[in-house]
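Order-wise, the sequence lines are chains A and B.
For what it's worth, the working numbering labels the leading residue of the first sequence as 1, then goes sequentially.
For what it's worth, the working numbering labels the leading residue of the second sequence as 368, then goes sequentially.
Don't be surprised by glycine CBs; every beta carbon is placed ideally from N, CA and C.
Everything below concerns the one structure shown next.
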Amino acid sequence: MQHLLAQASSNSSSAASPPASASPVRLRPSPSSRRDQQHREREAPAAAMADEHQELARAFSGLGGLGVDEAAVVSAVGRWRRQPEKRAQFRRSFPGFFTASGGGGGVMERCEDEYVRQLEAEFARFKDAAVLWAMHPWERDARWAHHVLHKAHPPAVLVEVACTRAADDLLGARRAYHALYHRSLEEDVAYCVRDANAALLVGLVSAYRYEGTRVSEELAKEEAKALAAAVKSASASGAKLVQNDLVVRVLATRSKPQLRATFRIYKELNGKTLEEDFAGEPCLQEAVKCLDSPARYFGELINGAFKDGADKQAKAALTRVVVSRSEADMEEIKDAYAKQFGAKLTDAVAKNAHGHYKDALLAMIGK
Amino acid sequence: MATITVPQVVPSSAEDAAALMKAFQGWGTDEKAVIAILAHRNSFQRKEIMLEYEEMYNESLIQRLQSELSGDFERAMYHWILDPMERQAVMANAATKCIQEEYKIIVEIACVNSPAELVAIKKAYHVIYKCSLEEDVAARTRGNLRSLLLALVSTYRYDGDDVDMGLAKSEAKIVHEAVRNGTTDHEELIRVVGTRSKAQLKATFSCFRDEHGTSITKALPHGTDRTGYLHALRTALRCIVDGNKYFAKVLRTATRNSGTDEDTLTRVIVVHAEKDMKDISAAFQKRASCTLQEAIAKETSGDYKSFLMALLGS
Numbered sequence: 001m002q003h004l005l006a007q008a009s010s011n012s013s014s015a016a017s018p019p020a021s022a023s024p025v026r027l028r029p030s031p032s033s034r035r036d037q038q039h040r041e042r043e044a045p046a047a048a049m050a051d052e053h054q055e056l057a058r059a060f061s062g063l064g065g066l067g068v069d070e071a072a073v074v075s076a077v078g079r080w081r082r083q084p085e086k087r088a089q090f091r092r093s094f095p096g097f098f099t100a101s102g103g104g105g106g107v108m109e110r111c112e113d114e115y116v117r118q119l120e121a122e123f124a125r126f127k128d129a130a131v132l133w134a135m136h137p138w139e140r141d142a143r144w145a146h147h148v149l150h151k152a153h154p155p156a157v158l159v160e161v162a163c164t165r166a167a168d169d170l171l172g173a174r175r176a177y178h179a180l181y182h183r184s185l186e187e188d189v190a191y192c193v194r195d196a197n198a199a200l201l202v203g204l205v206s207a208y209r210y211e212g213t214r215v216s217e218e219l220a221k222e223e224a225k226a227l228a229a230a231v232k233s234a235s236a237s238g239a240k241l242v243q244n245d246l247v248v249r250v251l252a253t254r255s256k257p258q259l260r261a262t263f264r265i266y267k268e269l270n271g272k273t274l275e276e277d278f279a280g281e282p283c284l285q286e287a288v289k290c291l292d293s294p295a296r297y298f299g300e301l302i303n304g305a306f307k308d309g310a311d312k313q314a315k316a317a318l319t320r321v322v323v324s325r326s327e328a329d330m331e332e333i334k335d336a337y338a339k340q341f342g343a344k345l346t347d348a349v350a351k352n353a354h355g356h357y358k359d360a361l362l363a364m365i366g367k
Numbered sequence: 368m369a370t371i372t373v374p375q376v377v378p379s380s381a382e383d384a385a386a387l388m389k390a391f392q393g394w395g396t397d398e399k400a401v402i403a404i405l406a407h408r409n410s411f412q413r414k415e416i417m418l419e420y421e422e423m424y425n426e427s428l429i430q431r432l433q434s435e436l437s438g439d440f441e442r443a444m445y446h447w448i449l450d451p452m453e454r455q456a457v458m459a460n461a462a463t464k465c466i467q468e469e470y471k472i473i474v475e476i477a478c479v480n481s482p483a484e485l486v487a488i489k490k491a492y493h494v495i496y497k498c499s500l501e502e503d504v505a506a507r508t509r510g511n512l513r514s515l516l517l518a519l520v521s522t523y524r525y526d527g528d529d530v531d532m533g534l535a536k537s538e539a540k541i542v543h544e545a546v547r548n549g550t551t552d553h554e555e556l557i558r559v560v561g562t563r564s565k566a567q568l569k570a571t572f573s574c575f576r577d578e579h580g581t582s583i584t585k586a587l588p589h590g591t592d593r594t595g596y597l598h599a600l601r602t603a604l605r606c607i608v609d610g611n612k613y614f615a616k617v618l619r620t621a622t623r624n625s626g627t628d629e630d631t632l633t634r635v636i637v638v639h640a641e642k643d644m645k646d647i648s649a650a651f652q653k654r655a656s657c658t659l660q661e662a663i664a665k666e667t668s669g670d671y672k673s674f675l676m677a678l679l680g681s
């Protein structure tokens, strides 16, 4: 029995598809000795149990994916009632989660601290999604902005909120920020952000853009040319474009339709997109992406949450994007996702999330 | 407090519209009748009259007024009849067209209005001009002046009374540093003036005064500044600290010099007549040898004078 458990443990820690040895061994009536039969009868439950451990580990989000499979956990709880040895075997079969700890007389498998933290995060995903979903969109945005500023996270979330919301919604978020924190959003951004991105970020969050469709082709051409000149001189002098007055002024004050015209003409004149020419300046690239093609930006964020090695912020982005865009441009995001990653968004979510969290996301994404 | 007076019993907008039409008819215009009606209606009533007039006579009241009246009186009446937020949007737009000379109008509008009023003005600007005030201001200025004006115009200040005294003290230091070192390194100063709430700024400036014995406006360098940045900054500080005192000074200057500045008189009186003209009048009287009405009566004449006097409540 021991060698099968050892096999199960080494197989499960690689988080790969279930190994062959875990597939149930068929019980064949054998003419051989009773001892062989008994051995085989003990083998089958052992292999099935390794399968069970796999399932439970997956339910606890130990094999990747976001959220926990609450139903599977409850089912295991029920099945293993009054069988502490089963739970002990589960603990032993996952050295990634539990380590043997000698102490006193017996051996105990204790939880790794990292495992506990990870579990807390995964169990909380559904809760976070539900709480955010119920909140007013303006309060959500204000809270995200505040969190990013005060925990010194990368400013991408600020750029996202500032550039993808409609003008009146950004204003509403700023009003919510007043009510929640007794400061204005721009004063906190100006005070907390002290690096090269400060001027751009303050400009973006302070914007109250014209929302109509009027576009001046002449102005777009003039500004596309000016931007090209700025890009050229920056690459010659090594200066940062994010601190360039013209770049900040155009990105922070022009209306979105006007900017899209400018970006289009830029590409026509220079062969490369402005986003490409902003390489090396992530804040600027994010701003351009969010202003020009938010659906593509959101699709990339979602995909980032599914990647191996995605960090805490990348995973949190999944909840944020789905909750905040479900009533906005979710259809466009689905199209952009399918176009860029060749898979339906709903399929990707179903594959990479578990339990109530998965169901909530799918409900918000819609068919 | 406003200074305009509205009669106890207001005629219906139809009656007013008919009376206006009567005033336009025949030889010349009966300006007194026009003033008697329009100078004594609030913004809601004026809007009703405009709608009713257009409905009854199939022409725009504003355009008729512009053709019937002339000079300073016409300019004043044109601005008066507009909705208060549209009015300031129109004034802001005119200022952006010659922003190097008229930037102080932008500063006034940005600093004296409440945060909610500033948003309403910007929204009105979108509707009328199909672009944003921020883009027009930013595109036509550069350097420190642009940074300051854009910050003042874009900000949506916290409107409450919460003040952090520790922060006020530390920012008073920052302001002092910036002011002491000329005008090259004013990012922090613009940050403070352009984003903090008015209550917080007042606290910061009073810490500055306590610490350095002089008010912030007096501490600003007085050198010649061709870009206008220093003047704009001084204007912003004055407007934030005490708007009434600022406008009282503006009116004194407009009425004192030889050759009255009618455009400034119009701007201040028309905008504030239904807002806080009483307080500005009181501030005017404190530092002048006569009341505001006496000064206006002395320096203006004709229908323009009658109109201003009506707005001032005489």
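Check your understanding: Which ranges does the alpha helix (DSSP H) cover as unbroken runs of at least 4 residues, wholly within the segment 588 to 637 of chain B, from first to last along the chain?
Key -> Runs of the alpha helix (DSSP H) inside the segment 588 to 637 of chain B: 596 to 608, 610 to 623.
Check your understanding: Hey, how far is the Cα of residue 457 of chain B from the Cα of residue 348 of chain A?
Key -> Here residue 457 of chain B is taken as the residue at index 90 of the second sequence, counted from 1. Here residue 348 of chain A is taken as the residue at index 348 of the first sequence, counted from 1. Approximately 52 angstroms, taken between the alpha carbons.
Point to revise | Any C-beta of chain B under 7 angstroms from that of residue 394 of chain A | key: No answer is possible for residue 394 of chain A: the residues shown for chain A start at 1 and end at 367.
Practice item. Could you tell me the boundaries of the alpha helix (DSSP H) in which residue 192 of chain A lies? Key: Counting from 1 along the first sequence, the entry for residue 192 of chain A is found at position 192. Residues 185 to 192.
Review point. Given that residue 96 of chain A touches chain B, what residues does it touch there, using C-beta distances under 9 angstroms?
Key: The residue given as residue 96 of chain A occupies position 96 in the first sequence. Correct list: empty, because the minimum Cβ distance to chain B is about 47 angstroms.
Practice item. Closer than 7 angstroms by C-beta to residue 621 of chain B: which residues in its own chain qualify, once you throw out the five before and the five after it? Chain order, please. Key: Here residue 621 of chain B corresponds to residue number 254 of the second sequence, with the count starting at 1. The residues are 627, 628, 631, 632.
Point to revise | Residue burial classification, residue 665 of chain B (beta-carbon count within 10 angstroms, cutoff 16) | key: In the second sequence, residue 665 of chain B corresponds to position 298, counting from 1. The residue in question, residue 665 of chain B, is exposed, as its Cβ has fewer than 16 Cβ neighbours within 10 Å.
Practice item. Could you check which residue in A/360, A/367, A/340 has the C-alpha nearest to that of residue 130 of chain A? Key: As a first step, residue 130 of chain A is located in the first sequence; it is residue number 130 there, counting from the start. When each option's Cα is compared against that of residue 130 of chain A, the closest is A/360.
Practice item. Out of B/609, B/570, B/511, state which residue places its alpha-carbon closest to the alpha-carbon of residue 593 of chain B. Key: The residue you call residue 593 of chain B lines up with position 226 of the second sequence. Comparing Cα positions, the closest option is B/511.
Check your understanding: Going along chain B, which residues have a C-beta under 7 angstroms from residue 210 of chain A?
Key -> For this step, residue 210 of chain A is matched to residue 210 along the first sequence. Those are 493, 497, 498, 499, listed as they occur along chain B.
Exercise for review: Give the C-beta separation of residue 518 of chain B and residue 561 of chain B to the nearest angstrom, bearing in mind that I take them to be a contact with Cβ-Cβ under 8 angstroms.
Suggested key: The residue labelled residue 518 of chain B in the question sits at position 151 within the second sequence. The residue labelled residue 561 of chain B in the question sits at position 194 within the second sequence. With a Cβ gap of about 3 angstroms, residue 518 of chain B and residue 561 of chain B count as contacting.
Practice item. Verify whether the separation of the beta carbon atoms of residue 281 of chain A and residue 250 of chain A is less than 7 angstroms. Key: Translated into positions along the first sequence, residue 281 of chain A becomes position 281. Translated into positions along the first sequence, residue 250 of chain A becomes position 250. Against a cut-off of 7 angstroms, the Cβ pair of residue 250 of chain A and residue 281 of chain A comes out as no contact.
Exercise for review: Give the range of the alpha helix (DSSP H) segment to which residue 458 of chain B is assigned.
Suggested key: For the purposes of this step, residue 458 of chain B is taken as residue 91 along the second sequence, with counting starting at 1. Start and end: 451 to 464.
Review point. Are any of the Cβ atoms in chain A nearer than 7 angstroms to that of residue 481 of chain B?
Key: Walking along the second sequence from the start, residue 481 of chain B turns up at place 114. Interface with chain A (7 angstroms Cβ-Cβ cutoff): residue 481 of chain B is excluded.
Practice item. Taking residue 376 of chain B as the reference, give the member of B/407, B/394, B/569 with the closest Cα. Key: Position 9 of the second sequence, counted from the first residue, corresponds to residue 376 of chain B. Nearest of B/407, B/394, B/569 to residue 376 of chain B, Cα basis: B/407.
Review point. Beta-carbon of residue 704 of chain B versus every beta-carbon of chain A: anything under 7 angstroms?
Key: No answer is possible for residue 704 of chain B: the residues shown for chain B start at 368 and end at 681.
Check your understanding: Among A/320, A/336, A/60, which one has its Cα closest to the Cα of residue 132 of chain A?
Key -> On the first sequence, residue 132 of chain A is found 132 positions in, with the first residue counted as 1. It is A/320.
Exercise for review: Could you give the DSSP three-state label for residue 7 of chain A: helix, strand or coil?
Suggested key: As a first step, residue 7 of chain A must be located in the first sequence, where it is residue number 7. Per-residue confidence for residue 7 of chain A stands at a pLDDT of 40, beneath the threshold of 50, marking its modelled position as unreliable; the derived number appears in the next sentence. Residue 7 of chain A: helix per DSSP, three-state reduction.
**Study point:** Continuous beta strand (DSSP E) stretch holding residue 111 of chain A: start and end
**Key:** Within the first sequence, residue 111 of chain A is the residue found at index 111, counting from 1. Run containing residue 111 of chain A: 107 to 111, per the beta strand (DSSP E) assignment.
Point to revise | Uninterrupted alpha helix (DSSP H) stretches inside the segment 306 to 355 of chain A (no shorter than 4 residues) | key: Runs found: 312 to 325, 330 to 341, 345 to 352.
Review point. Using a Cβ cut-off of 7 angstroms, which residues of the segment 172 to 183 of chain A contact any Cβ in chain B, in chain order?
Key: Within the segment 172 to 183 of chain A, 174, 178, 182, 183 place their CB atoms closer than 7 angstroms to a CB of chain B, listed in sequence order.
Point to revise | Whole runs of the alpha helix (DSSP H) within the segment 501 to 548 of chain B, excluding any shorter than 4 residues | key: Taken in chain order, the unbroken stretches of alpha helix (DSSP H) that lie wholly in the segment 501 to 548 of chain B and span 4 residues or more are 510 to 521, 532 to 547.
Exercise for review: Along the alpha helix (DSSP H) that carries residue 213 of chain A, what are the first and last residues, could you check?
Suggested key: If you number the first sequence from 1, residue 213 of chain A lands on position 213. Run containing residue 213 of chain A: none; DSSP gives neither H nor E here.
Exercise for review: Compute the beta-carbon to beta-carbon distance between residue 650 of chain B and residue 615 of chain B, rounded to the nearest angstrom, for a pair I have assumed lies under 8 angstroms.
Suggested key: As a first step, residue 650 of chain B is located in the second sequence; it is residue number 283 there, counting from the start. As a first step, residue 615 of chain B is located in the second sequence; it is residue number 248 there, counting from the start. Their Cβ separation, rounded to whole angstroms, is 4 angstroms, which keeps residue 650 of chain B and residue 615 of chain B in contact under 8 angstroms.
**Study point:** Any C-beta of chain A under 7 angstroms from that of residue 551 of chain B
**Key:** In the second sequence, counting from the first residue as 1, residue 551 of chain B sits at position 184. Judged by the 7 angstroms Cβ criterion, residue 551 of chain B is not in contact with chain A.
Review point. What residue does the alpha helix (DSSP H) around residue 447 of chain B start on, and which one ends it?
Key: Walking along the second sequence from the start, residue 447 of chain B turns up at place 80. Here the alpha helix (DSSP H) through residue 447 of chain B covers 438 to 448.
Exercise for review: For residue 99 of chain A, name the three-state secondary structure that DSSP assigns.
Suggested key: In the first sequence, counting from the first residue as 1, residue 99 of chain A sits at position 99. Strand at residue 99 of chain A.
Check your understanding: Three-state secondary structure (DSSP) at residue 291 of chain A?
Key -> Your numbering for residue 291 of chain A matches position 291 in the first sequence. In the structure shown, residue 291 of chain A sits in a helix (DSSP, three-state: H, G or I).
Review point. Shortest alpha-carbon distance to residue 152 of chain A belongs to which of A/122, A/189, A/232, A/119?
Key: The residue given as residue 152 of chain A occupies position 152 in the first sequence. Ranking the options by Cα distance to residue 152 of chain A, first place goes to A/189.
Point to revise | Spatially closest choice to residue 256 of chain A from B/502, B/520, B/636, B/444, by CA coordinates | key: Working through the first sequence from its first residue, we reach residue 256 of chain A at position 256. Among B/502, B/520, B/636, B/444, the Cα nearest to that of residue 256 of chain A is on B/502.
Exercise for review: Along the alpha helix (DSSP H) that carries residue 208 of chain A, what are the first and last residues, could you check?
Suggested key: Position 208 of the first sequence, counted from the start, is the residue given in the question as residue 208 of chain A. That residue, residue 208 of chain A, is in no alpha helix (DSSP H); it is neither H nor E in DSSP.
Point to revise | Rounded separation between residue 543 of chain B and residue 428 of chain B - CA only | key: By one-based count along the second sequence, residue 543 of chain B stands at place 176. By one-based count along the second sequence, residue 428 of chain B stands at place 61. C-alpha separation (whole angstroms): 52 angstroms.
Practice item. Pick helix, strand or coil for residue 66 of chain A, following the three-state DSSP scheme. Key: Indexing the first sequence from 1 puts residue 66 of chain A at position 66. It is a strand residue.
Review point. So which of A/264, A/306, A/294 has the shortest CA-CA distance to residue 222 of chain A?
Key: For this step, residue 222 of chain A is matched to residue 222 along the first sequence. Nearest of A/264, A/306, A/294 to residue 222 of chain A, Cα basis: A/264.
Review point. Who are the near neighbours of residue 352 of chain A in its chain, counting only those whose CB is closer than 7 angstroms to its CB and skipping five residues on each side?
Key: Your numbering for residue 352 of chain A matches position 352 in the first sequence. Hits under 7 angstroms: 65, 66, 306.
Check your understanding: Which two residues bound the contiguous alpha helix (DSSP H) that contains residue 676 of chain B?
Key -> By 1-based counting over the second sequence, the position of residue 676 of chain B is 309. Taken as a continuous stretch (DSSP letters only), the alpha helix (DSSP H) holding residue 676 of chain B covers 669 to 678.
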